[in-house]
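Novice:
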Amino acid sequence: MSRRTVNASNAAAVGPYSHATWADDLLFCSGQTPLDSSTGKLVDGTVADQTRQCFDNLFEVLEAAGLGSDDVVSVNVYLTDMGDFGQMNEIYATRFSSPYPARTTIGCASLPLGARIEIGLTAKRQS
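Under full-length UniProt numbering, think of the first position of the sequence shown as 1, with each following residue one higher.
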């Protein structure tokens with residue numbers, strides 16, 4: 001099987017992976033850290049600022065695949081401090097509309113480049 005991948009020019013990658021991979025009509029997006037694609041550097045500021053950047057990067061990937069936020073079916077959020085859940089949740093609520101995608105939020109010890117948050121998602125092409 002050959003992989004059908006998606007890479008967005010306005011989203012950074014910090015390793016040997018594709019931004020997303022298609023499996024039939026499902027798009028599995030790699031986790032995005034809050035990297036500013038214009039500088040290649042981690043966004044400074046609050047976890048809210050970093051959450052915005054993660055979603056900006058993910059939505060660039062969705063757009064490159066011809067999808068949008070309404071096509072998202074599941075989101076995985078990784079936080080290095082569960083005390084940041086409220087800030088993340090406020091930004092999350094502005095990026096989707098009801099009915100919201102399924103979501104899992106996991107506390108973890110650390111993330112690449114010292115990020116406080118990483119977000120990955122799965123989207124489905126509408127038939």
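For every residue, glycine included, the Cβ atom is placed at its ideal position computed from N, Cα and C.
(1) Is the stretch 109 to 116 close to the stretch 58 to 73, with three or more CB pairs under 8 Å?
(2) Across which residues does DSSP place Asp36 in a beta bridge pair?
(3) Out of curiosity, what's the CA-to-CA distance linking Arg52 and Ser2?
(4) If I follow the unbroken alpha helix (DSSP H) through Thr5, where does it start and stop?
(5) With DSSP as the reference, label residue 169 as helix, strand or coil.
(6) Straight-line CA distance for Arg4 to Gly120?
(7) By the 10 Å Cβ neighbour count, where 16 or more other Cβ atoms means buried, how is Asn57 classified, buried or exposed?
(8) Going by DSSP in three states, Thr46 sits in which element: helix, strand or coil?
(9) Using 8 Å as the threshold, is the stretch 34 to 46 in touch with the stretch 94 to 109, meaning 3 or more CB pairs across them?
(10) Look up Tyr78 in the DSSP assignment and give the residues it is bridged to.
Specialist: With the structure as the only source:
(1) no
(2) Lys41
(3) 33 Å
(4) It is not in any alpha helix (DSSP H) - Thr5 instead sits in the beta strand (DSSP E) that spans Arg4 to Val6.
(5) This structure cannot speak to residue 169, because the chain is shown only from 1 to 127.
(6) 18 Å
(7) buried
(8) coil
(9) no
(10) Ile106 and Glu118
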